[in-house]
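Participant: In our numbering, the protein residues as written are 60 to 352.
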């Protein structure tokens, strides 16, 4: 089955699967220079790493407008590679029916791209089958066990190299009880409503994805509702707030979050290249863990 590569959680994997393609969410390994975007070009290391690694895969690639850095990565990817690439427009507001209709129109535009890239036009049953695939429904469900000091991690996406963050927390007696990063369960869509899906599966798909809470939405009150529920449920003693230094949205949100959380908060502003499990970041995590015991 032909792959289609994406990264943004607002790209519905079920929609791609309904086209007979294998949706492959690429979480980049590390921010190193590549053939598409070089380190010195001033692009967010996460966006650059995604573009560079996607270029090595023989598959169409879907980018989104969710952030300016990823939009720029799409432009460079399109100019510098022969890969089929698509830019999906993601609305930044979510409470207006007009916005919901716009997102559905964007999914229809994505459908035409997927068909041109080798997929099949979806029918109602294939979409329903993809939406209620038991294996997919079980994916990304995480259970945290252990006896360390409970900690939450909040922020944008993490690269695979950033697994060191969780390791260093554990090494200093901590336990991550809530992963509220973009690459964690926070950006998993809500369960689909079977009754609504039976009436209009594409509309229910769109509504479920627009309900994903994130910092870029305006208003982003849904993010704080989700965070409050999860913080109350998991009861961490502190929060590690991570963002890449290029990410204006998460950087701007830090002070608001710190005042709102009512917990000790450690800011990790990451250049995306040195890794979170080593050097200055590791020392700061160790000190933070000591302070919240």
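All C-beta atoms in this analysis are idealised placements derived from N, C-alpha and C, irrespective of residue type, glycine included. This one's a predicted model, so the numbers in the text were calculated from it and none came from an experiment.
Mark residue 245 as exposed unless 16 or more other C-beta atoms lie within 10 angstroms of its C-beta, in which case mark it buried.
Facilitator: Counting from 1 along the chain shown, the entry for residue 245 is found at position 186. So residue 245 counts as buried.
Participant: Work out the CA separation of residue 274 and residue 217 for me, nearest whole Å.
Facilitator: Here residue 217 corresponds to residue number 158 of the chain shown, with the count starting at 1. Here residue 274 corresponds to residue number 215 of the chain shown, with the count starting at 1. Taking the straight line joining both Cα atoms gives about 15 Å.
Participant: I need the straight-line Cα distance from residue 78 to residue 206, nearest angstrom please.
Facilitator: Here residue 78 corresponds to residue number 19 of the chain shown, with the count starting at 1. Here residue 206 corresponds to residue number 147 of the chain shown, with the count starting at 1. Spanning the two alpha carbons is a distance of roughly 44 Å.
Participant: Does the distance from the CB of residue 88 to the CB of residue 73 come in under 9 Å?
Facilitator: Mapped onto the chain shown, residue 88 falls at position 29. Mapped onto the chain shown, residue 73 falls at position 14. No, these two residues do not count as a Cβ contact at 9 Å.
Participant: Just the Cα atoms here: how many angstroms apart are residue 110 and residue 117?
Facilitator: Within the chain shown, residue 110 is the residue found at index 51, counting from 1. Within the chain shown, residue 117 is the residue found at index 58, counting from 1. Between residue 110 and residue 117, the C-alpha separation is close to 13 Å.
Participant: With distance defined between alpha-carbon atoms, name the residue in 264, 299, 351 and 300 nearest to residue 160.
Facilitator: Sequence index remark: in the chain shown, residue 160 carries index 101 (1-based). That would be 264, whose Cα lies nearest to the Cα of residue 160.
Participant: Which class does residue 296 belong to by DSSP, given the choice of helix, strand or coil?
Facilitator: Along the chain shown, one-based indexing puts residue 296 at 237. If DSSP states are grouped into helix, strand and coil, residue 296 belongs with coil.
Participant: Inspect the beta-carbon positions of residue 396 and residue 350 and report whether they are closer than 9 Å.
Facilitator: Missing from the structure shown is residue 396; the chain here goes from 60 to 352 and no further.
Participant: Using beta-carbon positions only, say whether residue 325 and residue 344 come within less than 9 Å of one another.
Facilitator: Translated into the one-based positions of the chain shown, residue 325 becomes position 266. Translated into the one-based positions of the chain shown, residue 344 becomes position 285. Cβ distance < 9 Å, so residue 325 and residue 344 count as in contact.
Participant: Look at the Cβ atom of residue 214, then the Cβ atom of residue 319, and state whether they are nearer than 9 Å.
Facilitator: For the purposes of this step, residue 214 is identified with residue 155 of the chain shown, where counting begins at 1. For the purposes of this step, residue 319 is identified with residue 260 of the chain shown, where counting begins at 1. In this structure, residue 319 does not lie closer than 9 Å to residue 214 by Cβ.
Participant: State the Cα-Cα distance for the pair residue 199 and residue 231, rounded to the nearest angstrom.
Facilitator: As a first step, residue 199 must be located in the chain shown, where it is residue number 140. As a first step, residue 231 must be located in the chain shown, where it is residue number 172. With a pLDDT of 49 at residue 199, under the threshold of 50, the predicted position of this residue should be treated as unreliable, and no value is reported.
Participant: Out of 137, 271 and 321, which one is the CA nearest neighbour of residue 151?
Facilitator: For the purposes of this step, residue 151 is taken as the residue at position 92 of the chain shown. Closest by alpha carbon: 271.
Participant: For residue 106, does the three-state DSSP call read helix, strand or coil?
Facilitator: As a first step, residue 106 is located in the chain shown; it is residue number 47 there, counting from the start. Of the three classes helix, strand and coil, the one that applies to residue 106 here is helix, per DSSP.
Participant: Please state whether DSSP places residue 61 in a helix, a strand or coil.
Facilitator: Counting from 1 along the chain shown, the entry for residue 61 is found at position 2. Coil, per DSSP.
Participant: For chain D, find out if any of its Cβ atoms is closer than 9 Å to the Cβ of residue 228; answer yes or no.
Facilitator: Among the chains in the structure shown there is no chain D, since it carries only a single protein chain.
Participant: Can you give me the Cβ contacts of residue 278 inside the same chain, cut-off strictly under 6 Å, excluding the 5 residues immediately before and after it?
Facilitator: Within the chain shown, residue 278 is the residue found at index 219, counting from 1. So no residue of the chain qualifies.
Participant: Look at residue 108 and residue 139 and say whether their C-beta atoms are less than 9 Å apart.
Facilitator: Residue mapping note: residue 108 aligns to position 49 of the chain shown, counting from 1. Residue mapping note: residue 139 aligns to position 80 of the chain shown, counting from 1. For residue 108 and residue 139, no; Cβs fall outside 9 Å.
Participant: What does residue 339 pair with, by DSSP beta-bridge criteria?
Facilitator: By one-based count along the chain shown, residue 339 stands at place 280. Paired residue(s): none; residue 339 is not in a bridge.
Participant: For the beta strand (DSSP E) that contains residue 239, what are its first and last residues?
Facilitator: For the purposes of this step, residue 239 is taken as residue 180 along the chain shown, with counting starting at 1. Per DSSP, residue 239 belongs to the beta strand (DSSP E) from 233-239.
Participant: Based on Cα-Cα distance, which residue from 125, 126, 121 and 148 lies nearest to residue 136?
Facilitator: As a working note, residue 136 is residue 77 in the chain shown. Taking only the C-alpha atoms, the option nearest residue 136 is 121.
Participant: Given the structure, does residue 156 come close to the ligand MG, in the sense that its CB is under 8 Å from one of the ligand's heavy atoms?
Facilitator: With respect to the ligand MG, the structure shown offers nothing to examine, as it has no ligands at all.
Participant: Who are residue 214's beta bridge partners in DSSP?
Facilitator: Here residue 214 corresponds to residue number 155 of the chain shown, with the count starting at 1. 301, per the DSSP bridge assignment.
Participant: Measure the alpha-carbon distance for residue 125 versus residue 332 and round it to whole angstroms.
Facilitator: On the chain shown, position 66 is the one that residue 125 refers to. On the chain shown, position 273 is the one that residue 332 refers to. Roughly 22 Å separates the two Cα atoms.
Participant: In terms of alpha-carbon separation, which member of 239, 75 and 66 lies closest to residue 288?
Facilitator: Along the chain shown, read from residue 1 onward, the residue named residue 288 stands at position 229. Comparing Cα positions, the closest option is 239.
Participant: Leaving out five residues before and five after residue 148 in sequence, what residues of the same chain have Cβ atoms less than 8 Å from its Cβ?
Facilitator: Numbered from 1 along the chain shown, position 89 holds the residue referred to as residue 148. Result list for residue 148: 123, 124, 161 and 165, in chain order.
Participant: According to DSSP, is residue 352 helix, strand or coil?
Facilitator: Numbered from 1 along the chain shown, position 293 holds the residue referred to as residue 352. Residue state, collapsed to three classes: coil.
Participant: Can you list, in chain order, the residues of its chain whose CB lies under 8 Å from that of residue 276, leaving out five sequence neighbours each side?
Facilitator: Against the chain shown, residue 276 aligns to sequence position 217. Correct list, in chain order: 151, 152, 153 and 282.
Participant: Could you tell me the boundaries of the beta strand (DSSP E) in which residue 82 lies?
Facilitator: For the purposes of this step, residue 82 is taken as the residue at position 23 of the chain shown. Unbroken beta strand (DSSP E) run through residue 82: 81-84.
Participant: Work out the CA separation of residue 183 and residue 330 for me, nearest whole Å.
Facilitator: Within the chain shown, numbered from 1, the residue matching residue 330 stands at position 271. Within the chain shown, numbered from 1, the residue matching residue 183 stands at position 124. The straight-line gap from Cα to Cα measures roughly 44 Å.
Participant: List the residues that DSSP assigns as beta-bridge partners of residue 121.
Facilitator: Your numbering for residue 121 matches position 62 in the chain shown. Residue 121 is bridged to 65 and 145.
Participant: Could you pull out every residue in the same chain whose Cβ sits closer than 7 Å to the Cβ of residue 235, ignoring the five residues on either side in sequence?
Facilitator: Translated into the one-based positions of the chain shown, residue 235 becomes position 176. The answer, listed in chain order, is 203, 210, 212, 225 and 228.
Participant: If you reduce the DSSP assignment to three classes, tell me which class residue 250 lands in.
Facilitator: Counting from one through the chain shown, the residue named residue 250 turns up at place 191. Looking at residue 250 - three-state DSSP - the assignment turns out to be coil, as it is neither helix nor strand.
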